[in-house]
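K.L.:
Residue numbers (our numbering): 1223 to 1560. All C-beta atoms in this analysis are idealised placements derived from N, C-alpha and C, irrespective of residue type, glycine included. Take this structure first; my questions come after.
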Ligand code: GLA
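This is the structure:
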């Protein structure tokens, strides 16, 4: 047992402001770090053990664990192994306030924090982009979600109080200020979602089918929305969302708060009507947020099918606006960030 090995790492959850379901189409995204974070303490032990959510989850490297949180940690270790880095038996102690199952990337925060803890414990030379790539592969290969790289890049590189503009093809990125005079509110709809079970992989397959039919490497490469006219439905609607969403991200760069808010509203409409990943509850919550005079725009955030909504509010009004929207919503929602 390597009891002298010890290292810790942490990473934030993220809220995506614009650029939904664009990352696995090589497109553009605009997430921000949320204040909630995940911390992982790793230390040498007699066997592999994850301590999280008030329980101990022992696991081995010769079989994928059944429990979801253990799959993420196991996946990170297997991806290091694939690079030729052997990880000795360790205990991982997780402490997190990132809400789970609401679209704020608790899994990416756990993966990135785990890899950072392993980097510290084993003295690995991995930069933040290498960590994000490993974390994404851990999720795709070991947790069964064919996710893009937005969440892991955000957990690894986003900074509080800014937005991360990321080109998911080149991984070129810039940290940008939030629109002047604006602040964020994140509100949970109270309806849980599960990525793998929720049609996420189906949407991704439809996007890939649309790109194949159009003869482009990815929907990022569609030059004009008119090119989509020859696609059969529902591929045309799916592709129209991706193409228009990429334009919205680019239009948001440097936009004033009112314009940014309108782009968020349009993003929600596109996710609801063209990509069909909204729910009745999310639509209602978005309407309740928009009914607040200090809300400039609102949309579902993350993959959809339940989870949270994000609103752009006039600075200093986010909490009051989120609470007033929830009172009107009347469901089991809660304010997560304001
Ligand atoms: C999930 C995935 C991301 C991204 C979003 C939708 O969060 O993990 O890669 O595809 O959904 O934008």
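What does a CB cutoff of less than 7 Å around residue 1248 pick up in its chain, not counting 5 residues either side in sequence?
P.N.:
For residue 1248, where only same-chain residues beyond five positions count, the Cβ hits under 7 Å are 1390, 1391, 1440, 1442.
K.L.:
Looking only at C-alpha atoms, which of 1312, 1308, 1395, 1287 sits nearest to residue 1264?
P.N.:
Per the Cα distances, 1312.
K.L.:
Hey, could you find the ends of the alpha helix (DSSP H) residue 1499 is sitting in?
P.N.:
Neither: residue 1499 is in no alpha helix (DSSP H) and is coded neither H nor E.
K.L.:
Could you check whether residue 1228 and residue 1373 sit closer than 8 Å to each other, using their CB atoms as the reference points?
P.N.:
Their beta carbons are not under 8 Å apart, which means residue 1373 does not touch residue 1228 by this criterion.
K.L.:
From 1333, 1547, 1515, pick the residue whose C-alpha is nearest to that of residue 1316; which is it?
P.N.:
Out of 1333, 1547, 1515, 1333 has the C-alpha closest to the C-alpha of residue 1316.
K.L.:
So for residue 1228, helix, strand or coil by DSSP?
P.N.:
Three-state result, residue 1228: strand.
K.L.:
Contact between the region 1278–1291 and the region 1427–1440 is defined here as three or more beta-carbon pairs at a separation below 8 Å; is this criterion met?
P.N.:
Contact fails: fewer than three Cβ-Cβ distances are below 8 Å.
K.L.:
Using CA atoms only, rank isn't needed, just tell me which of 1256, 1475, 1242 is closest to residue 1409.
P.N.:
When only C-alpha atoms are compared, the closest one is 1256.
K.L.:
DSSP on residue 1203, reduced to helix/strand/coil?
P.N.:
In the structure as shown, the chain starts at 1223 and stops at 1560, and residue 1203 therefore has no counterpart that could be examined.
K.L.:
Going by alpha carbons, who is nearest to residue 1511 out of 1277, 1451, 1549, 1371?
P.N.:
Nearest of 1277, 1451, 1549, 1371 to residue 1511, Cα basis: 1549.
K.L.:
Could you tell me which of 1444, 1557, 1558, 1479 sits nearest to residue 1535, measuring between CA atoms?
P.N.:
For the residues 1444, 1557, 1558, 1479, the minimum Cα distance to residue 1535 belongs to 1479.
K.L.:
Would you be able to state if there are at least three C-beta pairs under 8 Å between the region 1444–1464 and the region 1423–1433?
P.N.:
Touching, yes.
K.L.:
With distances taken Cα to Cα, identify the nearest neighbour of residue 1245 among 1342, 1465, 1303, 1304.
P.N.:
The shortest C-alpha separation from residue 1245 is found at 1465.
K.L.:
At which residues does the beta strand (DSSP E) containing residue 1321 begin and terminate?
P.N.:
Unbroken run through residue 1321: none, as it is neither H nor E.
K.L.:
Can you round the beta-carbon distance between residue 1411 and residue 1531 to whole angstroms, since I take them to be within the 8 Å contact cut?
P.N.:
Confirmed, about 6 Å.
K.L.:
Using 10 angstroms around the beta-carbon of residue 1301, count the other beta-carbons present and answer buried if the total reaches 16, otherwise exposed.
P.N.:
By the 10 Å Cβ count, residue 1301 comes out buried.
K.L.:
Please state whether the Cβ-Cβ distance between residue 1335 and residue 1251 is less than 8 Å.
P.N.:
Not in contact: residue 1335 and residue 1251 (Cβ atoms no closer than 8 Å).
K.L.:
From residue 1494 to residue 1447, what does the alpha carbon distance come to, in whole angstroms?
P.N.:
Residue 1494 and residue 1447: Cα-Cα distance of roughly 18 Å.
K.L.:
Kindly confirm or deny that the region 1511–1526 and the region 1316–1328 touch, where touching means at least three C-beta pairs closer than 8 Å.
P.N.:
The region 1511–1526, when compared against the region 1316–1328, does touch it at the 8 Å Cβ threshold.
K.L.:
If I'm right that residue 1483 touches residue 1519 with Cβ under 8 Å, what's the distance once you round it to whole angstroms?
P.N.:
Contact holds; Cβ gap of about 3 Å.
K.L.:
With hydrogens ignored, establish whether the beta-carbon of residue 1246 is closer than 7 Å to any heavy atom of the ligand GLA.
P.N.:
Residue 1246 Cβ: within cutoff of the ligand GLA.
K.L.:
Return helix, strand or coil for residue 1505, following the three-state DSSP convention.
P.N.:
Correct three-state label for residue 1505: helix.
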